[in-house]
Structures are given as structure tokens and as C-alpha cells.
Amino acid sequence: MSETRDTSRDIPSGYTPPAVWVWNKGGGGRFAAINRPTAGPTHEHELPVGRHPLQLHSLGTPNGVKVTVLLEELLALGHSGAEYDAWLVRINEGDQFTSGFVAVNPNSKIPALLDRSTLPPTRVFESGSILLYLAEKFGAFLPPAGAQRVECLNWLFWQMASAPYLGGGFGHFYAYAPVKIEYAIDRFAMEAKRQMDVLDRRLAGSPWLAGPEYTIADIAVWPWYGVLALGELYGAGEFLQVQDYPHLRRWAETIAARPAVQRGRRVNRSWGDPAGQLAERHDATDLDRPGVRPEDSR
Ligand SMILES: N[C@@H](CCC(=O)N[C@@H](CS)C(=O)NCC(=O)O)C(=O)O
Numbered sequence: 006m007s008e009t010r011d012t013s014r015d016i017p018s019g020y021t022p023p024a025v026w027v028w029n030k031g032g033g034g035r036f037a038a039i040n041r042p043t044a045g046p047t048h049e050h051e052l053p054v055g056r057h058p059l060q061l062h063s064l065g066t067p068n069g070v071k072v073t074v075l076l077e078e079l080l081a082l083g084h085s086g087a088e089y090d091a092w093l094v095r096i097n098e099g100d101q102f103t104s105g106f107v108a109v110n111p112n113s114k115i116p117a118l119l120d121r122s123t124l125p126p127t128r129v130f131e132s133g134s135i136l137l138y139l140a141e142k143f144g145a146f147l148p149p150a151g152a153q154r155v156e157c158l159n160w161l162f163w164q165m166a167s168a169p170y171l172g173g174g175f176g177h178f179y180a181y182a183p184v185k186i187e188y189a190i191d192r193f194a195m196e197a198k199r200q201m202d203v204l205d206r207r208l209a210g211s212p213w214l215a216g217p218e219y220t221i222a223d224i225a226v227w228p229w230y231g232v233l234a235l236g237e238l239y240g241a242g243e244f245l246q247v248q249d250y251p252h253l254r255r256w257a258e259t260i261a262a263r264p265a266v267q268r269g270r271r272v273n274r275s276w277g278d279p280a281g282q283l284a285e286r287h288d289a290t291d292l293d294r295p296g297v298r299p300e301d302s303r
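With my numbering, letter number 271 in the sequence shown gets 276, and the count goes up by one each step, no holes.
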């Protein structure tokens, strides 16, 4: 770093990074209580096991919603093997750091899936990997071969690589950071708008991201960029002028109207409008009962 750097605009004013970074436990921000610079479990606790082959440990955030939407879509198609238990992982309370959770996802983030229909059970983590695993397992929502399959994977990987700029970048600094930093908000608002434009241009010439069919690429991208384009993420609809992306919005509205999407959005959601919540799902009929708490469904 240059010694002549002007530090007067630094935040806090005059801040210069020390030679060695030190963890400031009380650093503030919405996630200060759960963030830490090390991996691994913090305490011993086994995961619960339900009666279905697929055990999902998750939360109704965009990354979690991808998986519950796909599972509900598979069930709607008649794949009864996609029946699942969805257990609530309270990330604000550190549930992702239990020994049981870390054994399924060493990265300590939701969503995490354990497929108990295989011997030994198969662990699957990273939402993109979970979507691919389930699509391949059931032979659905993934073109079997050729250019459309490649295009589906293109957009699936695009989403996995791009969303951290939207969530960890724009969303964090616009909605969650304890201070408003113009430089950070500008940088990530620009990238969020550029990403929406990427999608808008693709969807101007194609009904779905991979081509003529609805696939896991759409299911991966929608909970982030579809919900953003509908003005329902970070309260940023006006700030980012989401009405300027008409093709993205057409696609977002079409997906939002799908019954399986409406079901999947509610699973593991434990905040907001009680009618939109289903903290845990252990049976398809749980979705007929709004506002179900975990203790009600066990
Ligand atoms: N790339 C991961 C990201 C998962 C992720 O960031 N999950 C967040 C919630 S959306 C989480 O579990 N955060 C808890 C933590 O960071 O401790 C995926 O797509 O599965």
C-alpha cells in the first residue's frame, strides 16, 4: 500500500489496515454473532432424522429456497422418491456449527442434504451441487445431453458465482452493514444492475435461461434475481429501478405463479407473514397448515 495514500476519506476516518489482521469479535453488523474466521464444529449435537429418504437441513433464505422449490417441483411431477423432511437450521443461533451439521456440510452453511436412500448415505452441500444431484437422481429439470444441458449448467454456475456479489456485496452493504458506505454500495449496486441486465438480455430471446424448458438454472437464479426484480429483496426495488428489466420481470412473475414455487418458498421460512411460514416440513400436508412451528410438526 502506498505511504502517500490520502486516508481522510477512510471509514472510520484515518483507518489504516494493521500489518496483521486481528479478529474483532464485537465488529458489529447483523451477522457479528455468528461470523468467525475458523471452520469446524463448535459443539457436539447430532442432527435429527425424519422418516423420508431425503433429509434437508436448511432455512428459507434464497439459497435454501432453491432446494425446496426443486423438491416441490419434483413431487408435483409425481416423483414420490423426492419426499423430504426439511429441518430448520437457525443460523443466527449457530445451528450450522453443530458436529452433526458440519458432518454433512463442512462449510457450515445452509442448505445441506443427506440422501439416506443410498448406502452409505450421501451428503450433498452447496445449493448448486444439491440441485444438480437431485436433477440427475430423478432425471428432471436438467436436459439430458447436448447444448441445452451445457446452457443449463452455464446459468447454474453463473448463479453460484454471481449471487455472492448480490447477497454478500450489495445486500450486505445496502441493508445489513452497521454503517452506510457509499463506495461499497455504489460498487455493488453497479454490479447488481449489470447482472440483472445480463439476465434481461438472455430472457429477451429465450423463455427460460437454458432455452425452451424450465430447468434447475431457473430454479437457482429465481430466488435471488427473480425476487430482486419483483422488488421483494432488500427493499431495493426502487433503488435499483427493477422495472427497467422487463424480460427478467416477465420471467420472474411466471415462476412466482407456479404452485410448486409457492409451496417451496414457504418451507423453512420462520419469519414474516405467518401465512407464508412453514418452519419445518415433514409431510406434504404440512403445507396445508400455515404458520406451523417446528414443535407442531415433530
Ligand atoms: N454457496 C453456498 C452459500 C450458502 C450460504 O451462504 N448460506 C447462508 C444462508 S443463505 C448461511 O448458511 N449462512 C450461515 C453462516 O454463514 O454462518 C450455497 O449456495 O449453498
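Quick reminder that beta carbons are idealized off the backbone N, C-alpha and C, glycines included.
From a predicted model like this one, the values you see are computed outputs, not experimental measurements.
Non-local C-beta neighbours of residue 88 in its own chain, meaning closer than 8 Å and more than five positions away in sequence, comprise 57, 58, 59, 80, 289, ordered along the chain. Annotation for residue 96: 39, 64, 115 place their beta carbon closer than 7 Å to its own, counting only its chain and skipping 5 residues before and after. Here the distance from the Cβ of residue 131 to the nearest heavy atom of ligand 1 is below 7 Å.
As DSSP reads the structure, residue 48 sits in a beta bridge with 103.
One Cα belongs to residue 244, the other to residue 144, and the distance between them is close to 40 Å. For residue 165, the CB falls within less than 7 Å of some heavy atom of ligand 1.
In the displayed model, residue 89 falls within a strand according to three-state DSSP.
The C-beta distance from residue 184 to residue 16 rounds to 7 Å, short enough to fall under 8 Å. Residue 190 and residue 126 have their C-alpha atoms roughly 43 Å apart.
At a threshold of 7 Å, residue 228 does not count as near ligand 1, since its beta carbon sits no closer than that to any of the ligand's heavy atoms.
The alpha carbon of residue 49 has as its nearest neighbour, out of 35, 225, 103, 277, the alpha carbon of 103. Burial check for residue 100: the Cβ neighbour count within 10 Å reaches 16 or more, so the residue is buried. Under the DSSP definition of a beta bridge, residue 128 partners with 119. Considered as a whole, the segment 120-200 harbours 132-143, 151-169 as its complete alpha helix (DSSP H) runs of no fewer than 4 residues, in chain order.
Listed in chain order, the non-local C-beta contacts of residue 227 below 6 Å within the same chain comprise 260, local neighbours out to five positions each way being set aside. Taking 7 Å as the cut-off, one finds no heavy atom of ligand 1 near enough to the beta carbon of residue 221. Taking a contact to require three or more Cβ pairs closer than 8 Å, the segment 251-258 and the segment 199-211 qualify as touching. Remark: the C-beta of residue 68 is in contact range of ligand 1, defined as less than 7 Å to any heavy atom.
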